[in-house]
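Chemist:
Residue numbers (the numbering used here): 19 to 360.
#1: Please check the pair residue 154 and residue 198, which I expect to be a contact at CB under 8 Å, by giving their CB distance rounded to whole angstroms.
#2: Can you check which of these residues, 304, 195, 117, is closest to residue 158 by C-alpha distance?
#3: Which class does residue 302 belong to by DSSP, given the choice of helix, strand or coil?
#4: Quick check on the DSSP output: the beta strand (DSSP E) that includes residue 133 runs from which residue to which?
#5: What does DSSP give as the partner residues of residue 247 in its beta bridges?
#6: For residue 318 and residue 310, what's the separation of their Cα atoms in angstroms?
#7: Determine the extent of the alpha helix (DSSP H) in which residue 362 is found, giving its start and end residues.
#8: Can you have a look at residue 340 and say buried or exposed, based on whether 16 or more other CB atoms are within 10 angstroms of its CB?
#9: Tell whether a beta-carbon distance below 8 Å holds between residue 112 and residue 70.
#10: Taking buried to mean at least 16 other C-beta atoms within 10 Å of its own C-beta, is residue 234 buried or exposed?
#11: Ends of the beta strand (DSSP E) at residue 319?
#12: Among the candidates 217, 206, 212, 214, whose CA atom is the shortest distance from the CA of residue 224?
#13: Distance, Cα to Cα, residue 231 vs residue 142?
#14: Could you give the C-beta distance for residue 64 and residue 350, rounded to a whole number, given that I count them as a contact under 8 Å?
#15: Since residue 114 contacts residue 57 with CB under 8 Å, what's their CB separation in whole angstroms?
#16: Just how far apart, CA to CA, sit residue 262 and residue 150?
#17: Less than 8 Å between C-beta atoms, sequence neighbours within five positions excluded: which residues of the same chain meet that for residue 146?
#18: Pick from 343, 284, 243: whose alpha carbon is nearest that of residue 215?
#19: I'd like the span of the beta strand (DSSP E) that includes residue 115, first residue to last.
#20: Mind checking residue 194: buried by the 16 CB within 10 Å criterion, or exposed?
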């Protein structure tokens with residue numbers, strides 16, 4: 019069912035993701051960030067990770083078609099290796115994408131081309147969404163929990179009504195695989211990153227006549243980059259984009275103008291998330307590191323090491339006082355952002 023296509027803002031180059039503002043946010047000290055607990059027990063490489071603050075559940079998606087999850091008491095205040103994850107099955111191939119706004123429904127998808135919707139916290143299957151032709155590479159759920167966006171190898175971004183489990187829209191424009199999706203904090207806009215080297219912003223409220231804005235390399239010697247991950251800043255003014263060249267690029271979400279480029283990673287950037295304060299950007303990479311950045315001036319704050327293989331996903335945990343990362347070393351690692359105890 020195709021309702022309409024929307025006005026689109028496209029960037030030929032790279033991208034990033036969004037979150038809402040939070041009052042009474044616990045204190046963090048990025049330059050004192052340090053390794054926390056290691057949660058092992060995954061039955062294969064991890065491809066995606068998500069956390070629900072209300073339920074206090076951390077979920078990782080694995081190559082073997084399983085979801086592994088831990089409850090808040092099992093991820094805060096435990097010793098490394100002490101916790102065996104709970105396991106959910108249901109997929110017939112590797113699970114590479116998760117979407118969860120922290121509400122009553124969790125979405126997961128992968129190589130089989132189907133999307134599974136599960137109830138939280140019991141994990142029961144609510145619906146199976148079908149329609150994609152091929153690999154579903156990315157999912158995003160609107161912050162209000164009403165809409166699910168999905169995309170992958172068939173180049174089409176699909177929008178689903180989460181409550182009804184029904185397709186409500188198809189967004190056509192990408193000319194290659196769609197690698198990443200993210201919603202704005204007000205659930206009004208969706209950003210998509212394609213292997214056609216474009217970033218598109220879709221207005222979910224109606225058509226906008228927004229121009230296509232090409233982003234050219236800074237110099238002819240610059241390496242071509244394909245966007246893999248993207249996020250809006252909490253105020254929705256900035257898009258952060260991570261690509262295959264290991265660089266993070268910030269763009270104005272209003273007009274697509276480049277703000278700055280942040281080099282540092284030695285390999286592809288696979289995950290990005292803004293802290294709710296907007297003063298901290300966190301990245302993950304195939305170079306096995308998690309890095310903390312000041313998005314205002316583009317300066318690197320700290321590099322966190324510990325993974326023994328590439329990292330594929332990151333998320334914020336425990337009121338955004340911790341970062342969780344998952345990777346090919348079959349582990350989830352927690353990184354503590356809180357000030358060091360005196």
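The beta-carbon is built from N, C-alpha and C at its ideal position, and this holds for glycine as well. Predicted, not measured: the structure shown is a model, and the values here were computed from it.
Modeler: In short:
#1: About 12 Å; that fails the 8 Å criterion.
#2: Checked all of 304, 195, 117; the closest Cα to residue 158 is 117.
#3: strand
#4: Element bounds for residue 133: 133-137.
#5: 260
#6: 6 Å
#7: Residue numbering for the chain in the displayed model covers 19 to 360; residue 362 lies beyond these limits and cannot be assessed.
#8: buried
#9: no
#10: Note that residue 234 scores a pLDDT of 49, beneath 50, so its modelled location is shaky and nothing firm can be said.
#11: 317-323
#12: 206
#13: Residue placement at residue 231 cannot be trusted, given a pLDDT of 40 that sits under 50; what the coordinates show is reported in the next sentence. If I take the Cα positions, the gap works out to 44 Å.
#14: 7 Å
#15: Rounded, the Cβ-Cβ distance is 19 Å, inconsistent with contact.
#16: Roughly 25 Å separates the two Cα atoms.
#17: 132, 133, 134, 135
#18: 243
#19: 113-117
#20: exposed
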